[in-house]
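K.L.:
One structure coming up, written as structure tokens, with questions to follow.
In this note's numbering, the protein residues as written are 147 to 521.
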């Protein structure tokens with residue numbers, strides 16, 4: 147009797163932890179041999195405070211990225227202060243589950259403390275001082291996880307949205323045009339075996355694509371190895387077109403580098419910025435006309451989302467010879483950054499799993515698309 151009660155109790159516990167998706171196939175298994183499939187994790191998921199998400203992550207994914215905890219302001223908030231506990235937990239989680247672990251990100255113009263770019267009086271730091279800080283930061287962070295973190299987003303979003311030139315940032319202003327080369331050099335020195343990436347959004351746009359190609363060629367000319375280009379897949383239901391995305395995959399492959407889709411999600415809500423991208427500086431005041439599905443996603447929109455994911459994964463599988471990794475930017479709709487960007491408090495539906503940790507029709511379509519392609 148006691149053993150029967152124990153069995154019933156275990157079953158109930160499993161259900162409460164979200165194991166109801168147990169019979170569903172795993173993305174990591176369906177695409178095994180093609181590319182890694184993963185998600186960006188937050189602190190609650192890493193620390194075990196969201197056990198349903200943890201179970202989902204372990205079942206479905208074989209690669210992980212940190213949403214925020216390895217960005218400069220989180221891991222290195224003060225000149226002599228490091229906060230490694232969340233990052234240590236993140237890396238330990240990946241190791242325990244035999245996952246491909248990604249570090250994000252070493253150089254970015256956002257979420258970097260002001261002190262990094264200033265001297266003791268608040269004036270702009272010199273090139274020498276900033277280079278020293280950059281090297282020390284990379285040596286410390288990358289060095290700590292040498293042989294544990296498999297690949298790093300070294301430079302993030304350094305290309306201008308409109309013209310395709312170098313974005314006007316403190317890194318460019320103080321260090322000059324070799325800022326990216328220095329970051330890659332320091333990262334390679336800190337862990338010679340780690341994969342090193344350039345990561346950016348809206349890379350389907352010809353002018354931005356050309357800017358990245360120019361940047362990567364300049365790095366290659368200096369003998370700097372770029373393993374892959376990370377194409378952030380912050381897309382909408384219709385834009386960009388599959389043809390636009392494919393054109394960039396092909397163009398980047400010609401550089402002799404691989405491609406990762408690093409931040410995949412599909413925004414089904416109206417976007418007041420009229421832009422398809424991920425510039426976190428673009429924020430807007432609350433407006434009901436941009437938060438139209440507060441009680442659930444209409445079936446017609448759900449169908450469009452489903453078809454969109456199916457088409458994208460069919461494209462990814464087609465180019466599996468150059469694509470190494472697909473990373474969704476979040477685990478479920480509940481923890482997507484799109485609930486708060488570009489307007490705080492929206493109800494967004496951009497991922498493959500819903501707010502109850504259950505697979506959506508889009509998940510099922512991705513699985514079908516992969517199996518159909520392999521017949």
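Using N, Cα and C, we set each Cβ at its ideal position, and we do this for glycine too.
Owing to the predicted nature of the structure, the values given are computational and were not obtained by experimental measurement.
Since residue 288 and residue 331 should fall inside the 8 Å C-beta cutoff, what is the C-beta to C-beta distance between them, to a whole number of angstroms?
P.N.:
If you number the chain shown from 1, residue 288 lands on position 142. If you number the chain shown from 1, residue 331 lands on position 185. With a Cβ gap of about 12 Å, residue 288 and residue 331 do not count as contacting.
K.L.:
So which of 205, 397, 207 has the shortest CA-CA distance to residue 352?
P.N.:
Numbered from 1 along the chain shown, position 206 holds the residue referred to as residue 352. If we check each option's Cα against that of residue 352, 397 comes out closest.
K.L.:
If you draw a straight line from the alpha carbon of residue 292 to that of residue 449, how long is it in whole angstroms?
P.N.:
As a first step, residue 292 is located in the chain shown; it is residue number 146 there, counting from the start. As a first step, residue 449 is located in the chain shown; it is residue number 303 there, counting from the start. About 44 Å.
K.L.:
Give me, in chain order, the residues of the same chain whose beta-carbon lies closer than 6 Å to that of residue 456; leave out the 5 immediate sequence neighbours on both sides.
P.N.:
As a first step, residue 456 must be located in the chain shown, where it is residue number 310. Same-chain partners within the cutoff: 511, 515.
K.L.:
Please report the Cβ distance between residue 496 and residue 414, rounded to the nearest whole angstrom; I am assuming they are in contact, meaning their Cβ atoms lie under 8 Å.
P.N.:
Taking the chain shown and counting its residues from 1, the one referred to as residue 496 is at position 350. Taking the chain shown and counting its residues from 1, the one referred to as residue 414 is at position 268. Indeed they touch by this definition, with Cβ atoms about 7 Å apart.
K.L.:
Alpha carbon to alpha carbon, how far is residue 477 from residue 211?
P.N.:
Along the chain shown, one-based indexing puts residue 477 at 331. Along the chain shown, one-based indexing puts residue 211 at 65. Using only the alpha carbons, I get a separation of about 11 Å.
K.L.:
What span of residues does the beta strand (DSSP E) with residue 276 cover, start to end?
P.N.:
Locating residue 276 in the chain shown gives position 130, where the first residue counts as 1. Segment 273–290 is the alpha helix (DSSP H) holding residue 276; no beta strand (DSSP E) there.
K.L.:
Leaving out five residues before and five after residue 485 in sequence, what residues of the same chain have Cβ atoms less than 6 Å from its Cβ?
P.N.:
On the chain shown, position 339 is the one that residue 485 refers to. For residue 485, where only same-chain residues beyond five positions count, the Cβ hits under 6 Å are 492, 494.
K.L.:
Tell me the rounded alpha-carbon separation between residue 234 and residue 446.
P.N.:
Counting from 1 along the chain shown, the entry for residue 234 is found at position 88. Counting from 1 along the chain shown, the entry for residue 446 is found at position 300. Near 43 Å, if we compare the C-alpha coordinates of residue 446 and residue 234.
K.L.:
Between residue 246 and residue 296, is the Cβ-Cβ spacing less than 7 Å?
P.N.:
Sequence index remark: in the chain shown, residue 246 carries index 100 (1-based). Sequence index remark: in the chain shown, residue 296 carries index 150 (1-based). Yes, they are a contact pair.
K.L.:
Determine whether the beta carbon atoms of residue 189 and residue 223 lie at a separation below 7 Å.
P.N.:
Mapped onto the chain shown, residue 189 falls at position 43. Mapped onto the chain shown, residue 223 falls at position 77. No, they are not a contact pair.
K.L.:
Ends of the alpha helix (DSSP H) at residue 200?
P.N.:
In the chain shown, residue 200 corresponds to position 54, counting from 1. Segment 197–206, the alpha helix (DSSP H) holding residue 200.
K.L.:
Out of 360, 345, 177, which has the shortest C-alpha to C-alpha gap to residue 311?
P.N.:
If you number the chain shown from 1, residue 311 lands on position 165. Nearest C-alpha to residue 311: 360.
K.L.:
Can you give me the C-alpha to C-alpha distance between residue 225 and residue 339, rounded to a whole angstrom?
P.N.:
Translated into positions along the chain shown, residue 225 becomes position 79. Translated into positions along the chain shown, residue 339 becomes position 193. The straight-line gap from Cα to Cα measures roughly 28 Å.
K.L.:
If you drop the 5 nearest sequence neighbours on each side, which residues of the same chain put their C-beta closer than 6 Å to that of residue 459?
P.N.:
Position 313 of the chain shown, counted from the start, is the residue given in the question as residue 459. Around residue 459: 512, 515.
K.L.:
Is it buried or exposed, residue 443, if we count other Cβ atoms within 10 angstroms and call 16 or more buried?
P.N.:
In the chain shown, residue 443 corresponds to position 297, counting from 1. It counts as buried.
K.L.:
Taking just the CA atoms, how far does residue 356 sit from residue 410?
P.N.:
Working through the chain shown from its first residue, we reach residue 410 at position 264. Working through the chain shown from its first residue, we reach residue 356 at position 210. Distance between the alpha carbons of residue 410 and residue 356: 21 Å.
K.L.:
Helix, strand or coil for residue 374? Go by DSSP, reduced to three states.
P.N.:
Here residue 374 refers to the residue found at position 228 when the chain shown is read from its first residue. In the structure shown, residue 374 sits in a strand (DSSP, three-state: E or B).
K.L.:
What separation, rounded to the nearest whole angstrom, lies between the Cα atoms of residue 362 and residue 176?
P.N.:
The residue you call residue 362 lines up with position 216 of the chain shown. The residue you call residue 176 lines up with position 30 of the chain shown. Straight-line Cα distance between these residues: approximately 32 Å.
K.L.:
Hey, residue 251 and residue 214: beta-carbon distance below 7 Å or not?
P.N.:
Residue mapping note: residue 251 aligns to position 105 of the chain shown, counting from 1. Residue mapping note: residue 214 aligns to position 68 of the chain shown, counting from 1. Against a cut-off of 7 Å, the Cβ pair of residue 214 and residue 251 comes out as no contact.
K.L.:
Return the first residue and the last residue of the beta strand (DSSP E) that residue 413 is part of.
P.N.:
Against the chain shown, residue 413 aligns to sequence position 267. Unbroken beta strand (DSSP E) run through residue 413: 404–413.
K.L.:
Are residue 475 and residue 186 touching if we call contact CB-CB under 7 Å?
P.N.:
On the chain shown, position 329 is the one that residue 475 refers to. On the chain shown, position 40 is the one that residue 186 refers to. Against a cut-off of 7 Å, the Cβ pair of residue 186 and residue 475 comes out as a contact.
K.L.:
Would you say residue 333 and residue 284 are within 7 Å of each other, going by their C-beta atoms?
P.N.:
Position 187 of the chain shown, counting from 1, holds the residue named residue 333. Position 138 of the chain shown, counting from 1, holds the residue named residue 284. Their beta carbons are under 7 Å apart, which means residue 333 touches residue 284 by this criterion.
K.L.:
What three-state label does DSSP hand residue 359 in the structure shown?
P.N.:
For the purposes of this step, residue 359 is taken as residue 213 along the chain shown, with counting starting at 1. Here residue 359 sits in helix by DSSP.
K.L.:
Put residue 167 into one of helix, strand or coil per three-state DSSP.
P.N.:
For the purposes of this step, residue 167 is identified with residue 21 of the chain shown, where counting begins at 1. Because the pLDDT at residue 167 is just 46, under 50, the model does not fix this residue reliably, and the value given afterwards should be weighed accordingly. Residue 167 falls in the helix class under three-state DSSP.
K.L.:
Distance, Cα to Cα, residue 281 vs residue 406?
P.N.:
As a working note, residue 281 is residue 135 in the chain shown. As a working note, residue 406 is residue 260 in the chain shown. Answer to the nearest angstrom: the Cα atoms are 26 Å apart.
K.L.:
Short of 7 Å in beta carbon distance, which residues of its chain neighbour residue 505, apart from the five on each side in sequence? Order them along the chain.
P.N.:
Position 359 of the chain shown holds residue 505. 167, 170, 498, 499.
K.L.:
Counting along the chain, where does the alpha helix (DSSP H) carrying residue 240 start and finish?
P.N.:
The count along the chain shown starts at 1 and reaches residue 240 at position 94. Looking at the DSSP string, the run of the alpha helix (DSSP H) that includes residue 240 is 231–242.
K.L.:
To the nearest angstrom, report how far apart residue 290 and residue 228 are at their CA atoms.
P.N.:
As a working note, residue 290 is residue 144 in the chain shown. As a working note, residue 228 is residue 82 in the chain shown. If you take the alpha carbons of residue 290 and residue 228, they lie about 11 Å apart.
K.L.:
Straight-line CA distance for residue 365 to residue 260?
P.N.:
Residue 365 sits at position 219 when you count from the first residue of the chain shown. Residue 260 sits at position 114 when you count from the first residue of the chain shown. Going from the Cα of residue 365 to the Cα of residue 260 covers about 27 Å.
K.L.:
Nearest-angstrom Cα distance between residue 314 and residue 275?
P.N.:
Position 168 of the chain shown holds residue 314. Position 129 of the chain shown holds residue 275. Distance between the alpha carbons of residue 314 and residue 275: 19 Å.
K.L.:
If you follow the alpha helix (DSSP H) that residue 329 is in, where does it begin and where does it stop?
P.N.:
Locating residue 329 in the chain shown gives position 183, counting from the first residue. Looking at the DSSP string, the run of the alpha helix (DSSP H) that includes residue 329 is 325–336.
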